[in-house]
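Remarks on the structure that follows.
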Amino acid sequence: MDTQTHSEDRLDAVALITGAASGIGAALAQRLSPRATGGLILVDHNERGLARVADHLPEPPERVSTLAFDVTDPRRWAQAGDFIMDQYGRLDWAAANAGVAHASSIPDLSYEEWRRVMSVNLDGVFLTLKTVMPIMRLSAQGGAIVVTASAAGVKAEPNIAAYGASKAGVLQLMRVAAREGAPDGIRVNAVAPGGVETPMWREQPFFQDLLRETGSERAAFDRLAAGATPLGRYASADEVARLMEHLLCDSAPVTGATLVVDGGYTL
Ligand code: NAI
172 MDTQTHSEDR LDAVALITGA ASGIGAALAQ RLSPRATGGL ILVDHNERGL ARVADHLPEP
232 PERVSTLAFD VTDPRRWAQA GDFIMDQYGR LDWAAANAGV AHASSIPDLS YEEWRRVMSV
292 NLDGVFLTLK TVMPIMRLSA QGGAIVVTAS AAGVKAEPNI AAYGASKAGV LQLMRVAARE
352 GAPDGIRVNA VAPGGVETPM WREQPFFQDL LRETGSERAA FDRLAAGATP LGRYASADEV
412 ARLMEHLLCD SAPVTGATLV VDGGYTL
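Numbered according to our numbering, the sequence shown spans residues 172 to 438.
Spelled out as structure tokens, the structure:
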């Protein structure tokens, strides 16, 4: 029997995560912390949230950087690229994960809200890729990237035009990046979660209504999951983060793939 393992653990690997202050990104920071021995770069516009996550990392690497900026800002990304080259000189793993949700029918969706969602979810991933791929290309070993898409980018539902279109765009962007990165050994994959129990839901008015109706967040999530998820439950942030860690660190030669993590919702 072939007992060879194919872990891609690297000496002094450096990792970057966007949307690291909360939910899935924060859970991924916990998971990568012991493995990214060369350093961890946490990006989010929520500065206090970033500090909280950085203060509670298990087995943290010697160098942890928190970069508080808006992922839609190209100027800040250019500075971040210079910072990474200057302070770390390399980048092995990156997660383009920051995102926002909005629920509204097309006629009720303002152009400003459409632009905000497209800008964070799609432009933000583009700017992440544009920054990290040239740095990864400098290493003979290449690198690995995971983007956080959504089941909403695969399955059409009413009231998620901006969110669904942005996430469908993220999936195609990921595939193009996988083609472009392959000659340099850069793998690019996506997770497409269905429902995940994270703070993102709290901002949605319909979730607030559900909270009032059911009396607790637990009951509200259970009600949502019972509606359309065959497995009958949403994923935890850590369950999704574990699969992202796998795509980043242990899944050569997988590239251009979408790992749907939705309890059967899209079936
Ligand atoms: P979350 O709200 O807990 O985390 C999102 C993080 O992104 C926050 O820390 C927020 O501050 C950050 N962020 C938002 N806009 C930003 C900007 N312009 N610049 C910098 N940082 C920004 O939500 P969650 O669930 O952890 O979301 C992570 C990713 O997972 C998102 O891309 C989301 O679309 C995706 N996702 C979430 C699902 C869910 O059910 N929670 C389902 C499918 C996908």
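Yeah, the Cβ is synthetic: ideal placement off N, Cα and C, and Gly gets one too.
Could you check whether the region 265-279 touches the region 319-331, counting it as contact only if at least three pairs of C-beta atoms, one from each stretch, sit closer than 8 Å? yes
Is there at least one non-hydrogen atom of the ligand NAI closer than 8 Å to the beta-carbon of F377? In the sequence shown, the residue the question calls residue 377 occupies position 206. No, the beta carbon of F377 sits no closer than 8 Å to any heavy atom of the ligand NAI.
Does the region 246-254 touch the region 225-235, meaning 3 or more C-beta pairs lie closer than 8 Å? no
Outcome for T174 when other beta-carbon atoms lying within 10 angstroms are tallied against a minimum of 16: The residue labelled residue 174 in the question sits at position 3 within the sequence shown. The predicted model places T174 with a pLDDT of 41, which falls under 50 and marks its position as unreliable, so this point remains unresolved.
Sorted by chain position, which residues of the same chain lie with C-beta nearer than 8 Å to T176's C-beta, five sequence neighbours on each side aside? Position 5 of the sequence shown, counted from the first residue, corresponds to residue 176. Reliability fails at T176, whose pLDDT of 43 lies under 50, so the model's placement of it is uncertain and no value is given.
Hey, is H216 close to the ligand NAI, as in C-beta under 8 Å from one of its heavy atoms? Reading the sequence shown from its first residue, position 45 is the one you call residue 216. Yes, since a heavy atom of the ligand NAI falls inside the 8 Å radius drawn around the Cβ of H216.
Spatial distance of G210 from P278 (CA atoms): Here residue 210 is taken as the residue at index 39 of the sequence shown, counted from 1. Here residue 278 is taken as the residue at index 107 of the sequence shown, counted from 1. For G210 and P278, the distance between alpha carbons rounds to 46 Å.
For the beta strand (DSSP E) containing R358, name the first residue and the last one. Your numbering for residue 358 matches position 187 in the sequence shown. Residues 357-364.
What residue range does the alpha helix (DSSP H) around A339 cover? Position 168 of the sequence shown, counted from the start, is the residue given in the question as residue 339. Where A339 is concerned, the enclosing alpha helix (DSSP H) stretches over 332-352.
Using three-state DSSP, classify E328 as helix, strand or coil. Residue 328 sits at position 157 when you count from the first residue of the sequence shown. In this structure, E328 counts as coil in the three-state DSSP scheme.
Between which two residues does the beta strand (DSSP E) containing P208 stretch? Position 37 of the sequence shown, counted from the first residue, corresponds to residue 208. The sequence shown places Thr at residue 208, not Pro. Looking at the DSSP string, T208 is not in any beta strand (DSSP E), and its letter there is neither H nor E.
For a test of the three-state rule: what should DSSP assign to T299, helix, strand or coil? Here the question's residue 299 lines up with position 128 in the sequence shown. T299 falls in the helix class under three-state DSSP.
Can V362 and V296 be called in contact, C-beta distance under 9 Å? One-based indexing of the sequence shown puts residue 362 at position 191. One-based indexing of the sequence shown puts residue 296 at position 125. Contact flag unset, no.
Have a look at A408 and A191 and give me their C-alpha separation to the nearest angstrom. Reading the sequence shown from its first residue, position 237 is the one you call residue 408. Reading the sequence shown from its first residue, position 20 is the one you call residue 191. Between A408 and A191, the C-alpha separation is close to 12 Å.
Straight-line gap, R308 to A397 (C-alpha atoms, nearest Å): Along the sequence shown, one-based indexing puts residue 308 at 137. Along the sequence shown, one-based indexing puts residue 397 at 226. So the alpha carbons of these two residues sit roughly 45 Å apart.
Does the beta-carbon of F392 have 16 or more other beta-carbons within 10 angstroms, so that it is buried, or is it exposed? On the sequence shown, residue 392 is found 221 positions in, with the first residue counted as 1. That one is buried.
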